[in-house]
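Visitor: Can you read through this structure? Questions will come right after.
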Amino acid sequence: IGSFELKVRRSTAGHALAHAHAAPAAAAPAAEVPAAAPTAEFPAGPTPEDTVDESLVYVNSPKVGIFRRGKYAGGKRVGKGNLIDTGAPCKKGQTLGYVEQLGTFVEVKTPIAGELVKVHLEDGSPVEFQQLIAEVAPFFGGHIIGDSKYA
Numbered sequence: 004i005g006s007f008e009l010k011v012r013r014s015t016a017g018h019a020l021a022h023a024h025a026a027p028a029a030a031a032p033a034a035e036v037p038a039a040a041p042t043a044e045f046p047a048g049p050t051p052e053d054t055v056d057e058s059l060v061y062v063n064s065p066k067v068g069i070f071r072r073g074k075y076a077g078g079k080r081v082g083k084g085n086l087i088d089t090g091a092p093c094k095k096g097q098t099l100g101y102v103e104q105l106g107t108f109v110e111v112k113t114p115i116a117g118e119l120v121k122v123h124l125e126d127g128s129p130v131e132f133q134q135l136i137a138e139v140a141p142f143f144g145g146h147i148i149g150d151s152k153y154a
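Position 100, counted from 1, in the sequence shown is what the working numbering calls 103; the numbers after and before it change by one each time, with no gaps.
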């Protein structure tokens, strides 16, 4: 079918070379192959499992769209301010905000009663599906788990 040529290059650092046949003594010395570029090493930072606070409940986006923290009726903002502010107590199923998608507003609700610890997005920020929106410290018997003032 014609001539076919295949060149293979691989790093042999740290590996013993096994030659299939001995090179003839009269052969010209082979040109040195430059050492392979060092691979990029990533810093040993914290893994996602290390940074997760298990005492908090995380609220994720139900859809892709624009995150809205205020009240909306008929596609227009009603009133000023946010539905709930950081540090405020919240009930199970309370609306934290909305995800606007093609003119419709989908509620983002708290999955558990507790205290809103942090909202990760500003009003009008784009949001992806299952992106972290907020953190809630749950109430259990009147106490907030993980809060030293209730310990």
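Beta carbons: idealized from backbone N, C-alpha and C, even for Gly.
Restricting to runs no shorter than 3 residues, where is the beta strand (DSSP E) found entirely within the stretch 80 to 146?
Guide: 98 to 104, 107 to 112, 117 to 122 and 135 to 143
Visitor: Give every residue of the same chain whose Cβ lies closer than 8 Å to the Cβ of G82, excluding the five residues on either side of it in the sequence, and list them in chain order.
Guide: G73 and K74
Visitor: With respect to the beta strand (DSSP E) encompassing G77, which residues constitute its N-terminal and C-terminal limits?
Guide: Per DSSP, G77 belongs to no beta strand (DSSP E) and is neither H nor E.
Visitor: How would you call Y101, buried or exposed, if buried means at least 16 neighbouring beta carbons within 10 angstroms?
Guide: buried
Visitor: Quick one: is V139 buried, meaning 16 or more other Cβ sit within 10 Å of its Cβ, or exposed?
Guide: buried
Visitor: Below 8 Å on the Cβ atoms is my contact criterion, and I expect I136 with S58 to pass it. Report the Cβ-Cβ distance as a whole number of Å.
Guide: No, I136 and S58 are not in contact; Cβ-Cβ is about 18 Å, not under 8 Å.
Visitor: If you count every other CB in all the chains shown that lies within 10 Å of the CB of L86, and 16 or more means buried, which is it?
Guide: buried
Visitor: Candidates V111, K10 and V120: which alpha carbon is nearest L99's?
Guide: V111
Visitor: In or out: R13 buried (at least 16 other Cβ within 10 Å) or exposed?
Guide: exposed
Visitor: Below 8 Å on the Cβ atoms is my contact criterion, and I expect T89 with L119 to pass it. Report the Cβ-Cβ distance as a whole number of Å.
Guide: 6 Å
Visitor: Identify which residue in V11, D126, E8 and A116 has its Cα closest to the Cα of G84.
Guide: For the residues V11, D126, E8 and A116, the minimum Cα distance to G84 belongs to D126.
Visitor: What are the partner residues of G68, as DSSP defines its beta bridges?
Guide: V130
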